[in-house]
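Protein chains in written order, with the numbering used here: chain A, 1 to 283; chain B, 1001 to 1355.
Right, here's the structure in full:
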């Protein structure tokens, strides 16, 4: 006769979902509200005018150029490294993998200090260059170095995961069909791992674009967008910084959205569904 | 056949280490196009347990079954032949072409071996359409030649209508056919199958094997088929090699069984078939059939056959797919749509009828 007997069995599950939903919403306030607020309260005409100032355009150009160079270099060097870590039976494999991920856990500013100690005019690598009047800091090269330091792990990690998920029997099959190791890589391994790698590259690009702490230490000049944002905030306060922040957030949102939709568009995401295993069909 | 059987046994039982290559070369001359495998390898599996692979046999053109329990070393041996695993000592050749020879330090990489391999999980490329999967190994051909080769092989394996589908969009049996077509389109000198059909039901399997045999009737390459299933092995192969703990335990030639039967009758190893000992109780020359009484159950079947004497003992092969039908049919029912191909090719279908 207790009221509990008449309750549907899943009532407990529902209360669980309600509470979790509420907790999630609280987090979303912190995650989404700032971005939404930025978009809804910005004065778009004033923002676009502020962005058309030569200094801002210059910073945008520096950011796009440096992150472009960084992402190309990271892809050319990081994808092979990811393949190596996924496929080659290296001694101390886990150690090498951990090493690649190390920069991810180094705080930004500390990373800048590390880089400066190495590549700065008095560092072991920077000094011989400095003696020949080649600077590795406070120029595009320095910015690229910093951006690669903080975002290359994304490329390597996604490549490692992507290549690991490719069934090695597929590579063997390509070999028995007459392909060399290079051809197997280009015709089987890379196309199958690519969707995941592509996401990694986009994430790395966004990370490189937004990199601030290490850049501040290593290459204050020329200003990248985040550094310029800081400069503006220091001199003009919130109102001056807002257009730059808007621009950075827009770039990141567009890149992330493009990455997700390109994947869906090509149908590459579900290419990795297993084929021919443990399926019993009537012919 | 008898001579080769003796030869193989002699090698298998005597020391394979003592075998000199002149004799091996002789063997190659005896059977042009045969796949010759002599392998010795020891693997550390886990800690102290080692797994050693020692085998010596020849795969003649036609279907040979390599049978053994899981872990007997079947797949390892197959991978060694294809060049996907390394062999320490041994000799692998197809006809005159040496693929691996530890003495002469010859070890061709898989891509130069011209051996087709159908993997247990089929390993179809999930990002390529059926047509592209099949054409994968034809990279060096011109587009026209490639299309022509792909067209004829997809025709032979009845998958031409699936050309534009992705592997995940077709059924399991169709995937098997695509895997076979992809492997055979390169015109390999041998075909290795690593239990590729184990997930299929008998009837689907039988139809696929039927098409494979039809293809091989024109190409005459050695086909080595690995399975752990004794039934499958008996039904499928002309020759069965049994591998136990990496050694050849039995090397019986199924092909000799029909020959040893007193008549060249409709006994066949062409597909998944069941064998019945029977006695010929009537010859109908007009229709080219004989009536046989099966020993075990007294059932009388009318079977298409040639050269059968009245009263002689024969062996009848019945397609596995027919048996459920026959069991369900009324006693005086008419003909079944059955195929039973004898050893010597005979195109007309046999028609077993319960009487």
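From the three backbone atoms N, C-alpha and C, an ideal C-beta is built for every residue, glycine too.
Everything numeric in this text was worked out from a predicted model, so none of it was measured.
Any Cβ of chain B within less than 8 Å of the Cβ of residue i?
i             : result
residue 175/A : yes
residue 286/A : The structure shown does not extend to residue 286/A, since chain A spans only 1 to 283, so no value can be given for it.
residue 17/A  : no
Is it buried or exposed for residue i, if we count other Cβ within 10 angstroms and need 16 for buried?
i              : result
residue 1109/B : exposed
residue 74/A   : buried
residue 1140/B : exposed
residue 1199/B : buried
residue 15/A   : exposed
residue 205/A  : buried
residue 1080/B : buried
residue 1078/B : buried
residue 1127/B : buried
residue 1121/B : buried
residue 1074/B : buried
residue 1112/B : exposed
residue 117/A  : exposed
residue 250/A  : exposed
residue 107/A  : exposed
residue 186/A  : exposed
residue 1311/B : exposed
residue 1092/B : buried
residue 40/A   : exposed
residue 105/A  : exposed
residue 1136/B : buried
residue 218/A  : buried
Closer than 8 Å, CB to CB, is residue i near chain A or not?
i              : result
residue 1157/B : no
residue 1214/B : no
residue 1322/B : Unreliable positioning characterises residue 1322/B in this predicted model, as indicated by a pLDDT of 48, which lies under 50. The coordinate reading is nonetheless provided below. Answer no: the Cβ-Cβ gap between residue 1322/B and chain A never drops below 8 Å.
Do the CB positions of residue i and residue j come within less than 8 Å of each other?
i              : j              : result
residue 224/A  : residue 1117/B : no
residue 1082/B : residue 1076/B : no
residue 145/A  : residue 119/A  : yes
residue 174/A  : residue 184/A  : yes
residue 227/A  : residue 153/A  : no
residue 1035/B : residue 1094/B : yes
residue 1066/B : residue 1243/B : yes
residue 33/A   : residue 247/A  : no
residue 126/A  : residue 114/A  : no
residue 1157/B : residue 1101/B : no
residue 1164/B : residue 1129/B : yes
residue 1090/B : residue 1040/B : yes
residue 1159/B : residue 1177/B : yes
residue 1186/B : residue 178/A  : yes
residue 109/A  : residue 241/A  : no
residue 1279/B : residue 1302/B : no
residue 1184/B : residue 1191/B : yes
residue 1125/B : residue 1133/B : yes
Which chain B residues sit within Cβ distance under 9 Å of residue i?
i             : result
residue 178/A : 1110, 1111, 1112, 1114, 1136, 1137, 1138, 1139, 1140, 1186
Along chain A, in chain order, which residues have C-beta atoms closer than 8 Å to that of residue i?
i              : result
residue 1084/B : 172, 175, 176
residue 1117/B : 172, 173, 176
Identify the contact partners of residue i in chain B, using a Cβ-Cβ distance below 7 Å as the criterion.
i             : result
residue 130/A : Per Cβ cutoff of 7 Å: no residues; residue 130/A is ~49 Å from chain B at best.
In chain B, what lies closer than 8 Å to residue i by C-beta?
i             : result
residue 167/A : 1121, 1123
For residue i, write down the residues that DSSP places opposite it in a beta bridge.
i              : result
residue 83/A   : DSSP, once it has assigned bridges, lists no residue as partnering residue 83/A.
residue 1313/B : 1279/B
residue 1097/B : 1094/B
residue 19/A   : Answer is none; residue 19/A lacks a bridge partner.
residue 1300/B : 1293/B
residue 1038/B : 1056/B, 1091/B
residue 1118/B : 1193/B
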